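K.L.:
Here the sequence shown stands for residues 231 to 353, numbered as in this note's numbering.
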Amino acid sequence: MIVTINKGNTLVNSENSFDAATTNQLGGDLEAISQELEALKLEDETLQQFQKDLTRTFKELSQAFLEMSVALKTSTQVEASLEGRKKFNQAKNQLTQTGQQANKVATEKDILLDKLVTYCQDK
Numbered sequence: 231m232i233v234t235i236n237k238g239n240t241l242v243n244s245e246n247s248f249d250a251a252t253t254n255q256l257g258g259d260l261e262a263i264s265q266e267l268e269a270l271k272l273e274d275e276t277l278q279q280f281q282k283d284l285t286r287t288f289k290e291l292s293q294a295f296l297e298m299s300v301a302l303k304t305s306t307q308v309e310a311s312l313e314g315r316k317k318f319n320q321a322k323n324q325l326t327q328t329g330q331q332a333n334k335v336a337t338e339k340d341i342l343l344d345k346l347v348t349y350c351q352d353k
């Protein structure tokens, strides 16, 4: 499980450029990580709960990056008009809100990972 989580963390931490295409790709890659986590067959009930919680956080991160991708794409495709400015500001606000949500979920994921590591060390 930790190997899969580390793959997801590496994906998030290695992205330096966040344009629409790379953000969309990251969202898809994180969804794959969540599916990989979900597919693990674990017998320990505590590990199963970690699996469930971490799968959810990776799904939420995936969704956030996919939403950011849409906002980034929208912000670069607006026309030079009052309506275009309105669309740009909406995309900018969406990007800010989604980014804040992603940061919150990432913090939750890091806390869960720390607890998982502690649990495994105590076993």
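Glycine included, every Cβ here is placed at the ideal spot set by N, Cα and C. Since this is a predicted model, take the numbers as computed values, not measurements.
Using the Cβ count rule (16 or more neighbours within 10 Å means buried), how would you classify E273?
P.N.:
E273 comes out exposed.
K.L.:
Are the CB atoms of S247 and S292 nearer to each other than 8 Å?
P.N.:
In this structure, S292 does not lie closer than 8 Å to S247 by Cβ.
K.L.:
Taking one C-beta from the region 281-292 and one from the region 251-264 each time, how about it: are there three or more such pairs within less than 8 Å?
P.N.:
At 8 Å Cβ cutoff, the stretches touch.
K.L.:
Check whether the Cβ atoms of A250 and T306 sit closer than 8 Å, and answer yes or no.
P.N.:
Contact: yes.
K.L.:
Less than 8 Å between C-beta atoms, sequence neighbours within five positions excluded: which residues of the same chain meet that for E338?
P.N.:
So the list reads T287, once near-sequence residues are dropped.
K.L.:
For the region 265-334, which segments carrying the alpha helix (DSSP H) assignment without a break, of at least 4 residues, lie completely within its bounds, in sequence order?
P.N.:
Qualifying alpha helix (DSSP H) stretches, in chain order: 275-306.
K.L.:
Express the C-alpha separation of A269 and Q351 in angstroms, rounding to a whole number.
P.N.:
Each residue's Cα considered, the two are about 23 Å apart.
K.L.:
Give every residue of the same chain whose Cβ lies closer than 6 Å to the Cβ of L277, excluding the five residues on either side of it in the sequence, and list them in chain order.
P.N.:
If we look at L277 and ignore the five residues flanking it on each side, it has no Cβ neighbours.
K.L.:
Taking Cβ to Cβ, would you say F295 is nearer than 8 Å to L267?
P.N.:
Their beta carbons are not under 8 Å apart, which means F295 does not touch L267 by this criterion.
K.L.:
Skipping 5 residues on each side, what residues in its chain have a beta carbon closer than 7 Å to that of S299?
P.N.:
Only A250, T253, N254 and G257 meet the Cβ criterion.
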